[in-house]
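To start, the structure itself, in structure tokens.
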Amino acid sequence: MNTAVIYYSLEGNMDLVARKIGENEAVDLFRLIPQKEYPTGKISKYFWGGKSVTFGERPKLTNPTIDLDHYEVLVIGTPIWAGTWTPPLNTFLHDYSITGKKIILTATHLGGGADKCFEKMKDKSQWKYDYWHISV
Ligand SMILES: Cc1cc2nc3c(=O)[nH]c(=O)nc-3n(C[C@H](O)[C@H](O)[C@H](O)COP(=O)(O)O)c2cc1C
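Under this note's numbering, read the sequence shown as residues 1397 to 1532, first letter to last.
Set out below in structure tokens:
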């Protein structure tokens, strides 16, 4: 089945996971890139990333339109920020309809929040999905 991995990564952990999944030839990778990337400074990333997630922002992305018709399976990948998914995923989920796809959620995190994040997604949607998460 054709699979797209649609993901955001600020510091490379989710990118590493996505690339690993992408070693399968039926898999295409789409890394979401905000027009204005978040800073990676030790404090500034928590300040600006935390603010953005708290306010439910939908940052503009630089990605060309993704033709989802081509894919039966979507792997949606995000780092956990403040117990939830990252703002670039908000933009993606707002801009695209993903109904009718098999959804697999995956997240990287420092140890907390993925279960809550996935539960929140489940509550918000009628998706049927599997998930796994990876602590990095
Ligand atoms: C703004 C911000 C908030 C975060 N909040 C959490 C959190 O609630 N729980 C957690 O386990 N890790 C949290 N982290 C850590 C990241 O989820 C973790 O380092 C992740 O692997 C980063 O993925 P990336 O390298 O693809 O950006 C946070 C990181 C940032 C920048």
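Even for Gly, the Cβ is constructed at its ideal location relative to N, Cα and C.
Note that the segment 1436–1456 does not touch the segment 1414–1426; fewer than 3 beta-carbon pairs, one per stretch, sit closer than 8 Å.
Three or more beta-carbon pairs drawn from the segment 1501–1508 and the segment 1473–1482 are found closer than 8 Å, and the two stretches are therefore classed as touching.
Per DSSP, residue 1416 is one residue of the alpha helix (DSSP H) stretching across 1409–1417. Per DSSP, residue 1475 is one residue of the beta strand (DSSP E) stretching across 1469–1475. Residue 1460 counts as exposed, since fewer than 16 other C-beta atoms from the protein chains shown sit within 10 angstroms of its C-beta. The Cβ-Cβ distance between residue 1430 and residue 1444 does not fall below 7 Å.
Here DSSP, grouped into helix, strand and coil, assigns residue 1498 to strand.
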